Every structure is written in structure tokens, then in C-alpha cells.
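Chains as they are written, first to last, in my numbering: chain A, 1 to 115; chain B, 116 to 231. Yeah, the Cβ is synthetic: ideal placement off N, Cα and C, and Gly gets one too. None of these values were measured; they are calculated from a predicted model.
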Amino acid sequence: AQKVTQAQTEISVVEKEDVTLDCVYETRDTTYYLFWYKQPPSGELVFLIRRNSFDEQNEISGRYSWNFQKSTSSFNFTITASQVVDSAVYFCALSEEVRDDKIIFGKGTRLHILP
Amino acid sequence: DTAVSQTPKYLVTQMGNDKSIKCEQNLGHDTMYWYKQDSKKFLKIMFSYNNKELIINETVPNRFSPKSPDKAHLNLHINSLELGDSAVYFCASSPLVSGRRTNEQFFGPGTRLTVL
Numbered sequence: 001a002q003k004v005t006q007a008q009t010e011i012s013v014v015e016k017e018d019v020t021l022d023c024v025y026e027t028r029d030t031t032y033y034l035f036w037y038k039q040p041p042s043g044e045l046v047f048l049i050r051r052n053s054f055d056e057q058n059e060i061s062g063r064y065s066w067n068f069q070k071s072t073s074s075f076n077f078t079i080t081a082s083q084v085v086d087s088a089v090y091f092c093a094l095s096e097e098v099r100d101d102k103i104i105f106g107k108g109t110r111l112h113i114l115p
Numbered sequence: 116d117t118a119v120s121q122t123p124k125y126l127v128t129q130m131g132n133d134k135s136i137k138c139e140q141n142l143g144h145d146t147m148y149w150y151k152q153d154s155k156k157f158l159k160i161m162f163s164y165n166n167k168e169l170i171i172n173e174t175v176p177n178r179f180s181p182k183s184p185d186k187a188h189l190n191l192h193i194n195s196l197e198l199g200d201s202a203v204y205f206c207a208s209s210p211l212v213s214g215r216r217t218n219e220q221f222f223g224p225g226t227r228l229t230v231l
């Protein structure tokens, strides 16, 4: 069965610190997609990244980086030099290609960046 | 602007009423979805339509009925509203590329429904 676990419910760090948000997933499929979404206090869902199961290369986009490790079924997200504007709820999600393309979301990690 | 839009943004209503939430996307996508986000921020899919055809129908009460008049619109009608229906409802759309699903979903801004 599909499952996404974000064990960290809430994290607080001081501005400029680095922070890593953990995501562990479960799937029986060999082809699947992993996502991260950001939900700021304003409430909209902002797409951050999509990674397919055949691409284990880590990705960096500015202060954001993602570490995909199939061996541990993890897709962790790191924010470097955090800023107050990074404060949001972050969702990790999974979609299996062989099924319909519904996305299963983790329960989210609420990140507080303190000034 | 190209986007997924939802109306209304806020909806406050009494228990027992019937209400609709509208969703439109002008991205030319083939598939549209409805998600519910509860008070604990948990996001769960409710329905998806591909070219007006129902694809996903999760365990949702019959009081919820999606309607897709065309592939750019997916409306959500809710009958006999209950307190537990209070949530934020997100619409999303997703393109097909070369006939294959991309699994990338673009979300609308959400509709906050409050049932009193």
C-alpha cells in the first residue's frame, strides 16, 4: 500500500540555520513519483519538486536541496540558511504510476523559522 | 492569468444546506481533482476526472457529488451539509504529456468551508 510518513510534526529553528525535513515512503511499485509541496500561512499549495523513482540524483535549487535514497525509501528536504519566509507547512507526497495518478500526502511538517 | 481558480474562496453556511464550489483551469489540462484538507492539515483526495470521466472516487459520502461539464471545469456539490464537512477544499489539475500521466498537479487557492 502507498504510505508517506513525515515523522516531524513541528520544527522550530532560528533564522540562518539549516533544517532538514524527513520523508519516508512505502510503495510496492517500481515506478513512482515523489513530491514536496509548501503551504505558507496564506494557505495555497505551492509545488516545489517532483522526482521519479528512476532518478536518484540529488537536486539543488537555490537554498533548497533534496536527497532521494531508494535504499532507505526516503526523500528528505533541506533548507540551507533558513529565512522567516520559509515558515510554512511542508508536505511530502507519493504517486504510483501504475495506479491512477492520485497523490498520497504525508501529514505535513510545520516549520517555524524564528527571527 | 493561467491558473486553477476556485470560487468562492470562503463559504460559511448552516448545517443541512446544499452548496457548490466551482473550479476552473485554463491550463488545458486533462485531469482535475478535488482534495479535502481537514483542521489538522491532513490532505486527502476525494475525486478525479479525466476528460469529464470519473476516475477516482475515494470513500466519500454520497452527499458529495462532483460534476464536470467540460474538461476545464470540475465543480463540487455538497448536499445536507454537516459540521464535519468544515474544511479547506482544494481543486487541482494535471496534464497528460504524449498521452501519459505526468503526476504533476497544480492546485487552486482553496475554498474554506465553514458549516455552523
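In the DSSP assignment, Val-85 (chain A) forms no beta bridge with any residue. When 7 Å is used as the limit between beta carbons, Phe-91 (chain A) is near these residues of chain B: Leu-158, in chain order. Under the Cβ distance rule, Pro-224 (chain B) counts among the residues neighbouring chain A, one pair being separated by less than 8 Å. Spatial neighbours of Ser-201 (chain B) in its own chain (CB-CB distance under 8 Å, excluding positions within 5 residues in sequence) are listed in chain order as Ser-154, Leu-228, Thr-229, Val-230. From the beta-carbon of Val-203 (chain B), the residues of chain A found nearer than 9 Å are Gly-43.
Residue environment: Glu-17 (chain A) is assigned as exposed (fewer than 16 neighbouring CB atoms within 10 Å of its CB, all protein chains considered). By the rule that beta-carbons nearer than 8 Å mark a contact, Phe-221 (chain B) touches chain A. In the structure shown, the three-state DSSP call for Lys-70 (chain A) is helix. Thr-226 (chain B) and Gln-121 (chain B) do touch by the CB rule: their CB atoms are close to 5 Å apart, below 8 Å.
Against chain B, the CB of Arg-50 (chain A) has a partner CB under 8 Å away; the residue lies at that interface. Counted as a single uninterrupted DSSP element, the beta strand (DSSP E) harbouring Leu-189 (chain B) occupies residues 188-193.
Per DSSP, reduced to three states, the secondary structure at Leu-198 (chain B) is helical. The count of Cβ pairs closer than 8 Å, one atom from the segment 12-27 of chain A and one from the segment 172-192 of chain B, stays below three, leaving the stretches out of contact. Burial is judged here by how many other beta carbons sit within 10 angstroms of a residue's own beta carbon; Asp-86 (chain A) has at least 16 and is buried. In terms of Cβ geometry, Lys-107 (chain A) and Phe-157 (chain B) form a close pair [threshold 8 Å]. In the three-state DSSP reduction, Asn-76 (chain A) falls in the strand class (E or B). Among the residues facing chain A, Ile-136 (chain B) is not included, as its CB has no counterpart in that chain under 8 Å away.
Contact of Lys-107 (chain A) with chain B by beta-carbon distance below 9 Å involves Lys-155, Lys-156, Phe-157, Leu-158.
Comparing alpha carbon positions, the residue from B:Phe-205, B:Leu-211, B:Thr-146, B:Gln-152 closest to Ser-163 (chain B) is B:Thr-146.
Within the model, the alpha-carbon separation for Ala-7 (chain A) versus Glu-59 (chain A) is close to 22 Å. When C-beta atoms of the segment 53-72 of chain A are compared with those of the segment 117-137 of chain B, fewer than three pairs fall below 8 Å, so the two segments do not count as touching. Using beta-carbon distances, Phe-75 (chain A) does not count as an interface residue toward chain B, since no partner is under 8 Å. Closest option to Leu-94 (chain A), judged by alpha-carbon separation, among A:Ser-53, A:Pro-41, A:Ser-12, A:Thr-109: A:Ser-53.
In the structure shown, Glu-44 (chain A) adopts coil according to DSSP, grouped into three states.
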